[in-house]
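In the working numbering, the protein residues as written are 687 to 788.
Given below as structure tokens:
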């Protein structure tokens, strides 16, 4: 099944891409068919309205959440480093005790 869409309003010759702005309703004609041949290949044709409520982009970053994430990362990294150091010291002490016994 072949699928394509085209804007119904504001169509200029040779321009297929449309930049959509938020806060405006856009009408699109969506066509489903067996081949890209127009109109012979059409199975279903619908006109759909799309309303973009929010502008594109990432959501606003909450400073409190950001600081909490950074502090959590620092705390658990420090705990992990201390644990690795603890294991290292235990292995070093085992080697030292074995050397003293011999």
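Note that CB positions come from ideal geometry on N, CA and C, so glycine has one too.
This structure is a prediction, so every number in the text was calculated from the model and none was measured.
Output the distance between the C-alpha atoms of residue i and residue j, rounded to the nearest integer angstrom.
i	j	result
residue 766	residue 780	21 Å
residue 763	residue 786	35 Å
residue 757	residue 769	18 Å
residue 761	residue 755	10 Å
residue 742	residue 778	57 Å
residue 783	residue 759	36 Å
Taking DSSP as the reference, what is the three-state secondary structure of residue i?
i	result
residue 743	coil
residue 719	strand
residue 729	strand
residue 736	strand
For my contact list, residue i and residue j are in at a C-beta cut-off of 8 Å; report their separation, rounded to the angstrom.
i	j	result
residue 736	residue 714	6 Å
residue 751	residue 708	Actually they do not touch by this definition, with Cβ atoms about 25 Å apart.
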